[in-house]
Amino acid sequence: VSTILAEREKKLFETTKELADMVSDVIPRRFQKPGFNPATLTFQALRIAVNDELNELGALLKEAPSLFKQDGRLAIISFHSLEDRMVKHQFRKWENPCVCPTNLPYCVCGEKPLGRVLTRRPVNASAKEAAENPRSRSAHLRVFSFSEITS
6 VSTILAEREK KLFETTKELA DMVSDVIPRR FQKPGFNPAT LTFQALRIAV NDELNELGAL
66 LKEAPSLFKQ DGRLAIISFH SLEDRMVKHQ FRKWENPCVC PTNLPYCVCG EKPLGRVLTR
126 RPVNASAKEA AENPRSRSAH LRVFSFSEIT S
């Protein structure tokens, strides 16, 4: 990061290729994966920050239960581990909202599940799909069914 900022002080980047080339030059070859542009993660991080994607996802997950009717299903496709982790944890919380201490023999908090997770593990693109659509390689699909919605 410091090298990129130092280069920007000398001359502003005019194209994304200039930034990508700088990132490629800065990352040692031994850390670069074959067939994977080293600047990919840099651009992903910029996109996440500029679009405020994690906060937007959090806002969606907070409001989602109020947006669905009984037996409604929420399907979310995430493209990186931060998003996927947020979705996985929220789905689990909706499925098992109990906050009672584990040493209690039964639940006394009164929290009720909102439904159930339909995908225990994320559904990933098949090899055929990934070959036809390389962007699908990192996609993870998770689905939740709201079976206990009370309006």
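With the first letter of the sequence shown counted as 1, position 95 gets the number 100 in my numbering; the numbers rise by one all the way through. For each residue, glycine too, the CB sits at the ideal point set by N, CA and C.
- Under the three-state reduction of DSSP, His-85 is assigned to coil, being neither helix nor strand.
- Bounds of the alpha helix (DSSP H) holding Leu-10 are 7–15.
- When secondary structure is reduced to three states using DSSP, Ser-150 falls in the strand class.
- Contact check for Val-31 against Thr-8 passes: the beta carbons are separated by less than 7 Å.
- In the three-state reduction of the DSSP assignment, Val-113 falls in the coil class.
- In this structure, Val-28 places its C-beta atom within 7 Å of the C-beta atom of Pro-43.
- Separation of the CB atoms of Phe-151 and Leu-119 is rounded to 6 Å, and the pair is thereby assigned contact status at 8 Å.
- Counting along the chain, Ala-136 sits inside the alpha helix (DSSP H) bounded by residues 132–137.
- Residues of the same chain with a CB within less than 7 Å of the CB of Arg-142, apart from the 5 flanking positions on each side, are Ala-130, Ala-135 in chain order.
- Taking a contact as a CB-CB distance under 8 Å, the pair Lys-98 and Glu-153 does not count as one, their CB atoms being some 14 Å apart.
- Here the C-alpha atom of Glu-88 lies approximately 27 Å from the C-alpha atom of Asp-26.
- Val-92 and Arg-147 have their C-alpha atoms some 8 Å from each other.
- Under the DSSP assignment, Glu-61 falls in the alpha helix (DSSP H) whose first and last residues are 58–72.
- The C-alpha of Glu-100 lies about 33 Å from the C-alpha of Leu-51.
- Assigned with DSSP and collapsed to three states, Arg-121 falls in strand.
- Gln-75 counts as exposed, since fewer than 16 other beta carbons sit within 10 angstroms of its beta carbon.
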